[in-house]
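Peer 1: Chains as they are written, first to last, in the working numbering: chain A, 44 to 377; chain B, 23 to 265. Heads up, the beta-carbon is just placed ideally off N, CA and C, and yes, glycines get one too.
Structural data, given as structure tokens:
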């Protein structure tokens, strides 16, 4: 963009540049190269950690589009996770199509569902909206618990992936990596677009945004639908990696709560926040499992972390650092 | 007539905030909408800008029936409005507040740049016009009350509206700033923008407006040029409470 010229009498404003692209490119290259190093200690553990981390980055970053940018907290977002998983899983069981191929289809299906759900749930505002998303989750749960064709509450098993066992994690790793990068890129593009500006406006004052000329209803529904896409994709991939479909894997509110938690810890409404939040929360979880074994203490530790973040980083780690001008340029993606 | 409000009523529960209200605004004028507190002025603004939907009656803008349209549609037809209590978007920068209304159009435009060069140019010129261009990169919540008033005034001009509704532009503003606002309204009016202004400052109303509409308890009690309104008994009654 060109700076305004001085001929109009308007002062030119300085613009900031950074070389964060190089650093992020290196990080991405390391992530891409990682599966080639079979000699790594705990190779499978590292890959599994990558799978889980990328999945949560994709989900939290997607959730952030509606929960952060648009300011509408959805506690039912895992319906898309489950529906994506079931759709791809059933296509594998009954049609033999690989979930790696149908994951995109699952995402698109969730996108369309997002439009439908959005048309209904966005009639509510504030706390009523949050409750309506919980209601949505409960309805979908009841539906899947009782749908005998997909095994009801017992679930249904899927054929195992046809890969050699020593490489079995690699395709899942890459699928999740692509989803994570894709969802962060989507969030980045939205944050830097007029659409994102409109979402941030309506998040602060919906009436003002409307009067300024923004079609807030359409914006909210579009945000909801876009935020459903990658959640559906990773749901499909995750279901395949478990080779099992069961309502309690996908449709428990803890899954949605995790998205919210990660977004809040990292910085709701920032592009880098969900990435930071996912890394912090998963690192804390893994560490506490290492330190305290398979106890439930990791939940306590998570609670303490959340408390600390809310006390010292009220806008999340990224949000608060940016507010104080202390955010490292490498994390300043907004 | 640019704006025609035709027998419009709006009740909240049992309270008739606007009752059978009719008035018109001629293109190119500065029209003041006055009346004691609770007369229904702001409700009338909310009805015109689409925030509220009338219970009955019609509202026409530039020949189009805009009754019941959603606010963004009315805005896009060329009606801009400010709020009595400024509603700047605090977490956005001043410049972003200016261009927020450009978030419309095609899919491609919506996914395009947040602030286009020509929009930035236009926004900076308008900010310069009201005298706060140097604040462009600050978050709106860091602005003082007067600066917020100016931002609200400048931002409403971004979409090049034909009609601007100003809700108490002089409310709580110091005299020097008031002079600046009055001067800017005049300048803009000369370029063809029509104004409808809710205002309590009678000096400002009397020397700025071409036409005055007086409301009391939800109804329009009279409409006319300021000289006539000044000596109208019904207006004095409405303000002083004589019956």
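Which word fits residue 367 of chain A, buried or exposed, when buried means at least 16 other C-beta atoms lie within 10 angstroms of its C-beta?
Peer 2: exposed
Peer 1: Please list the segments of the alpha helix (DSSP H) lying wholly inside the region 109-138 of chain B, counting only runs of 4 or more residues, in order along the chain.
Peer 2: Qualifying alpha helix (DSSP H) stretches, in chain order: 116-121 and 129-132.
Peer 1: Using a C-beta cutoff of 8 Å, does residue 189 of chain B count as contacting chain A?
Peer 2: no
Peer 1: Hey, how far is the Cα of residue 135 of chain B from the Cα of residue 238 of chain A?
Peer 2: 9 Å
Peer 1: Work out the CA separation of residue 164 of chain B and residue 208 of chain B for me, nearest whole Å.
Peer 2: 29 Å
Peer 1: Report yes or no: is there a C-beta of chain B within less than 8 Å of the C-beta of residue 240 of chain A?
Peer 2: yes
Peer 1: Tell me the DSSP bridge mates of residue 31 of chain B?
Peer 2: B:78
Peer 1: List the residues of chain A whose Cβ lies closer than 9 Å to the Cβ of residue 91 of chain B, in chain order.
Peer 2: Per Cβ cutoff of 9 Å: no residues; residue 91 of chain B is ~11 Å from chain A at best.
Peer 1: State the Cα-Cα distance for the pair residue 188 of chain B and residue 224 of chain B, rounded to the nearest angstrom.
Peer 2: 15 Å
Peer 1: At a CB distance below 9 Å, what residues from the region 113-128 of chain B approach chain A? Give them in sequence order.
Peer 2: 113, 114, 117, 118, 119, 121, 122, 123, 124, 125, 126 and 127
Peer 1: In chain B, what lies closer than 8 Å to residue 257 of chain A by C-beta?
Peer 2: Contact of residue 257 of chain A with chain B by beta-carbon distance below 8 Å involves 94, 122, 123, 125 and 126.
Peer 1: Among B:113, B:70, B:83 and B:240, which residue has its Cα nearest to the Cα of residue 36 of chain B?
Peer 2: It is B:240.
Peer 1: Roughly how far, in whole angstroms, is the beta-carbon of residue 219 of chain B from the beta-carbon of residue 184 of chain B, given that I think they are within contact range, below 8 Å?
Peer 2: That pair is no contact at about 15 Å.
Peer 1: By the 10 Å Cβ neighbour count, where 16 or more other Cβ atoms means buried, how is residue 115 of chain A classified, buried or exposed?
Peer 2: Residue 115 of chain A sits buried, since 16 or more C-beta atoms from the chains shown fall within 10 Å of its C-beta.
Peer 1: By DSSP's criteria, residue 341 of chain A is part of a beta bridge. Which residues make up the other side?
Peer 2: Looking at the DSSP assignment, residue 341 of chain A forms no beta bridge with any residue, so it has no partner.
Peer 1: From residue 105 of chain B to residue 190 of chain B, what does the alpha carbon distance come to, in whole angstroms?
Peer 2: Roughly 8 Å separates the two Cα atoms.
Peer 1: Is residue 377 of chain A close to chain B? Criterion is C-beta to C-beta, closer than 8 Å.
Peer 2: So no, residue 377 of chain A is outside the interface.
Peer 1: Any beta-carbon of chain A closer than 8 Å to the one on residue 132 of chain B?
Peer 2: yes
Peer 1: What distance in whole Å lies between the Cβ atoms of residue 260 of chain A and residue 165 of chain A, which are believed to be in contact at a cut-off of 8 Å?
Peer 2: 6 Å
Peer 1: Three or more C-beta pairs under 8 Å: does that hold for the region 138-146 of chain A against the region 302-313 of chain A?
Peer 2: Flag = no, the region 138-146 of chain A and the region 302-313 of chain A do not touch.
Peer 1: In the DSSP assignment, find the unbroken beta strand (DSSP E) run with residue 232 of chain B in it and report its ends.
Peer 2: No beta strand (DSSP E) holds residue 232 of chain B; DSSP gives it neither H nor E.
Peer 1: How about residue 215 of chain B: is its C-beta nearer than 8 Å to some C-beta of chain A?
Peer 2: Contact with chain A is absent for residue 215 of chain B, since none of that chain's Cβ atoms lies less than 8 Å from the residue's Cβ.
Peer 1: As a quick exercise: from A:242, A:102 and A:287, pick the residue whose alpha carbon is nearest that of residue 150 of chain A.
Peer 2: When only C-alpha atoms are compared, the closest one is A:102.
Peer 1: Which value, in whole angstroms, describes the spacing of the CA atoms of residue 301 of chain A and residue 93 of chain A?
Peer 2: 17 Å
Peer 1: Any beta carbon from chain B within less than 8 Å of residue 237 of chain A's own beta carbon?
Peer 2: yes
Peer 1: Check whether chain A comes within 8 Å of residue 199 of chain B, counting only Cβ atoms and requiring the distance to be less than that.
Peer 2: no
Peer 1: When the Cα of residue 199 of chain A is compared with those of A:187, A:118, A:64 and A:62, which residue comes out closest?
Peer 2: Nearest in C-alpha terms to residue 199 of chain A, of all of A:187, A:118, A:64 and A:62, is A:187.
Peer 1: Buried or exposed for residue 331 of chain A, going by 16 or more other Cβ atoms inside 10 Å?
Peer 2: With 16 or more Cβ atoms within 10 Å of its Cβ, residue 331 of chain A is classed as buried.
Peer 1: When DSSP labels each residue in this structure, what does residue 160 of chain B get in the three-state scheme?
Peer 2: coil
Peer 1: Buried or exposed: residue 23 of chain B, going by 16 or more other Cβ atoms within 10 Å of its Cβ?
Peer 2: exposed
Peer 1: For residue 98 of chain A, which residues in the same chain have their Cβ closer than 8 Å to its Cβ, ignoring the five residues on either side in sequence?
Peer 2: 219, 222, 223, 277, 280 and 281
Peer 1: By Cβ distance, which residues of its chain are closer than 7 Å to residue 158 of chain A, with the 5 residues on each side in sequence left out?
Peer 2: 264 and 268
Peer 1: Against chain B, which members of the region 179-207 of chain A pass a CB distance test of less than 8 Å?
Peer 2: none
Peer 1: Determine, for residue 111 of chain B, whether the minimum Cβ-Cβ distance to residues of chain A falls below 8 Å.
Peer 2: Judged by the 8 Å Cβ criterion, residue 111 of chain B is in contact with chain A.
Peer 1: In this structure, does DSSP put residue 218 of chain A in helix, strand or coil?
Peer 2: Correct three-state label for residue 218 of chain A: helix.
Peer 1: Please classify residue 126 of chain A: does DSSP put it in a helix, a strand, or coil?
Peer 2: Residue state for residue 126 of chain A is assigned as helix, using DSSP reduced to three classes.
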